[in-house]
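Q:
Residue numbers (the working numbering): 12 to 541.
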């Protein structure tokens with residue numbers, strides 16, 4: 012609806028109703044929502060302490076988005092206020108989360124500028140990620156902020172020589188609290204990536220060289236410098252058979268530390284044969300030599316990239332690095348009703364780097380906020396690019412604790428989605444291991460989430476969700492796990508008002524008595540869309 016005439020000053024938007032607005036350059040949408048939830052809950056601790064209480068949680072939110080030919084931007088603001096009937100001085104809490112994201116495209120989208128600023132409240136310990144919420148143990152939530160800016164260039168079509176590059180800056184900060192005294196961060200990260208590759212006009216010769224350099228400045232620890240370079244050259248022999256030459260460097264350095272850079276760096280190189288039909292359909296096998304510290308080792312490597320169709324593709328790579336065997340795997344598959352994504356990666360990283368490069372692993376796309384699966388949809392393309400006002404439904408890929416430590420992270424995931432007629436289903440599994448190389452400790456974690464919704468009628472949905480996670484401290488043998496299950500019935504009573512009745516059960520197991528408990532909660536929510 013056109014509410015403002017072309018040329019009218021933008022500051023007059025504040026006087027307009029909170030709805031969709033068309034201006035000369037693009038469209039502005041306002042989506043204000045007020046969500047109020049009344050809950051009764053009972054918590055039984057293994058220490059023998061029981062808690063029975065009532066809570067009122069209000070969550071007003073506003074999602075504002077702007078879309079035009081050259082610029083997209085979105086701002087999501089969510090305020091949470093908790094009032095409890097008993098022990099209110101200790102348990103009452105209020106805080107605000109927000110996220111701003113923008114994407115500007117220039118030169119027919121070849122050059123893109125992306126800006127992100129995010130403030131959220133997350134669990135201090137990743138062990139408690141699915142158990143902690145604003146009502147239960149809200150003191151274990153810590154305010155975390157990250158800001159990221161990136162400038163990238165990608166040509167539309169490279170005829171002879173292709174050049175891609177990316178420049179990135181980011182910072183991560185966590186608020187210092189009594190519970191988070193040793194985990195307050197204030198880190199900065201800089202990185203640059205360049206890629207040089209052969210264009211489509213070269214038929215019997217192809218090459219691809221990628222190099223990335225990154226620095227993470229840590230306030231309380233020494234800085235981490237990383238350089239990764241990968242190169243390959245292919246020369247045609249007969250028909251689709253090529254001889255290939257490959258090389259790889261993974262160099263890392265922690266300034267002024269007792270960890271030798273040689274122990275966390277390696278170089279490999281080799282040659283082999285490749286069966287190649289196109290740039291996205293090839294399989295290569297190479298014989299390689301790995302150099303790390305004073306050790307030399309030979310191994311057979313594999314590099315495959317095969318697009319079976321526009322809806323199904325697989326990428327797989329096996330090599331060796333300073334930490335041993337290295338695997339990278341990715342599979343995506345789309346049908347009319349099913350979606351599947353499977354992946355595995357490994358490498359040296361940190362909480363700061365993972366937070367800035369966070370890529371969710373779901374197959375459903377949802378609006379920004381805290382959505383349920385009935386608000387989401389499955390995109391048609393496996394290469395769908397999220398809009399600035401969208402997010403994936405599912406787990407985040409950040410398994411590392413809030414810490415400045417350098418981590419060797421090995422993580423795999425599988426995400427499945429089904430959507431047809433009245434049913435939507437989502438299943439996500441993630442497994443990872445973390446080796447904290449500065450404190451010499453190891454951890455293993457598994458997590459799974461299943462969500463489903465069934466449309467009973469045109470205005471009534473039945474929702475079910477269950478999440479499980481367990482984390483094992485390999486050094487001490489201490490294990491923590493949690494089950495979080497909820498069933499709900501939601502009803503659209505009018506065009507602007509929804510009612511939801513939810514029953515939730517939580518079982519948190521820990522060898523620390525104060526963190527071992529069972530919680531049962533019954534909630535009634537009313538959501539009003541202004």
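No residue lacks a Cβ here, since even glycine has one placed at the ideal position from N, Cα and C.
On the premise that residue 254 lies in contact with residue 282, defined as a C-beta separation below 8 angstroms, what is that separation, rounded to the nearest angstrom?
A: Their Cβ separation, rounded to whole angstroms, is 7 angstroms, which keeps residue 282 and residue 254 in contact under 8 angstroms.
Q: From what residue to what residue does the alpha helix (DSSP H) around residue 100 run?
A: 99–102
Q: Are the CB atoms of residue 478 and residue 453 nearer to each other than 8 angstroms?
A: The criterion of a C-beta distance shorter than 8 angstroms is not satisfied by residue 478 and residue 453.
Q: Cutting at 6 angstroms between CB atoms, please list the residues of its own chain near residue 526, excluding the five before and the five after it.
A: none
Q: Determine, using beta-carbon pairs with one atom in the segment 253–267 and one in the segment 232–242, whether at least three such pairs fall under 8 angstroms.
A: yes
Q: Near residue 518, which residues of its chain fall below 6 angstroms by C-beta distance, leaving aside the five closest residues on each side in sequence?
A: 494 and 529
Q: Relative to the alpha-carbon of residue 542, which residue among 225, 247 and 261 has its alpha-carbon at the smallest distance?
A: Nothing can be reported for residue 542, as the shown portion of the chain is limited to 12 through 541.
Q: Please report how far the alpha carbon of residue 520 lies from the alpha carbon of residue 169, in whole angstroms.
A: Cα to Cα, residue 520 sits roughly 55 angstroms from residue 169.
Q: Comparing alpha-carbon positions, which option in 353, 344 and 328 lies nearest residue 318?
A: 344
Q: How many Å lie between residue 392 and residue 315 at the Cα?
A: Taking the straight line joining both Cα atoms gives about 21 angstroms.
Q: Output needed for residue 183: all residues of its chain with C-beta closer than 6 angstroms, excluding positions within five of it in sequence on either side, in chain order.
A: 157, 196, 198, 363 and 366
Q: Roughly how many angstroms lie between the CA atoms of residue 32 and residue 41, to the nearest whole one?
A: Because residue 32 carries a pLDDT of 47, less than 50, the predicted location of this residue cannot be relied on, and no value is offered for it.
Q: Tell me the rounded alpha-carbon separation between residue 249 and residue 256.
A: 17 angstroms
Q: Look up residue 147 in the DSSP assignment and say whether it is helix, strand or coil.
A: coil
Q: Whose CA, out of 92, 166, 426 and 401, lies closest to the CA of residue 374?
A: 426
Q: State the Cα-Cα distance for the pair residue 288 and residue 355, rounded to the nearest angstrom.
A: 25 angstroms
Q: Classify residue 143: buried if its beta carbon has 16 or more other beta carbons within 10 angstroms, exposed otherwise.
A: buried
Q: Whether or not the segment 203–223 and the segment 328–339 are in contact is what I'm after, with contact meaning three or more pairs of Cβ atoms, one per stretch, closer than 8 angstroms; do they touch?
A: no
Q: On the three-state DSSP scale, how would you describe residue 339?
A: strand
Q: Does the beta-carbon of residue 421 have 16 or more other beta-carbons within 10 angstroms, so that it is buried, or is it exposed?
A: Residue 421 comes out buried.
Q: Beta-carbon within less than 6 angstroms of residue 162's beta-carbon, same chain only, minus the 5 sequence neighbours each way: which residues are those?
A: 124 and 178
Q: Any idea what DSSP makes of residue 87, helix, strand or coil?
A: strand
Q: Assuming contact is defined by CB atoms lying nearer than 8 angstroms, are residue 1 and residue 351 in contact in what I supplied?
A: It is not possible to answer for residue 1, since the shown part of the chain is limited to 12 through 541.
Q: Measure the alpha-carbon distance for residue 514 versus residue 468 and round it to whole angstroms.
A: Across the structure, residue 514 and residue 468 are spaced so that their CA atoms are roughly 21 angstroms apart.
Q: I need the DSSP call for residue 321, collapsed to helix, strand or coil.
A: coil
Q: Quick one: what's residue 66 bridged to in DSSP?
A: 50 and 95
Q: Output the boundary residues of the beta strand (DSSP E) element that contains residue 221.
A: 216–228
Q: List the endpoints of the continuous alpha helix (DSSP H) containing residue 363.
A: Bounds of the alpha helix (DSSP H) holding residue 363 are 362–367.
Q: Which stretch, first to last residue, makes up the beta strand (DSSP E) that contains residue 459?
A: 452–468
Q: Among 103, 132, 145 and 166, which has the Cα closest to the Cα of residue 119?
A: Closest by alpha carbon: 166.
Q: Look at the alpha carbon of residue 98 and the alpha carbon of residue 335, and state the distance between them as a whole number of angstroms.
A: When rounded, the distance between both Cα atoms is 53 angstroms.
Q: Once DSSP output is grouped into helix, strand and coil, what is the label at residue 170?
A: coil
Q: Judging by CA-CA distance, which residue of 274, 174, 108 and 503 is the nearest neighbour of residue 121?
A: 174
Q: Can you tell me whether residue 264 is helix, strand or coil according to DSSP?
A: strand
Q: Assuming the contact rule is C-beta atoms closer than 8 angstroms, residue 111 and residue 74 should be a hit. Round their C-beta distance to whole Å, please.
A: Going by Cβ atoms, the distance from residue 111 to residue 74 rounds to 11 angstroms, so no, they are not a contact pair.
Q: Using the rule of at least 16 other Cβ atoms within 10 Å of the residue's Cβ for burial, across every protein chain shown, is residue 471 buried or exposed?
A: Here residue 471 is exposed, its C-beta having fewer than 16 other C-beta atoms within 10 Å.
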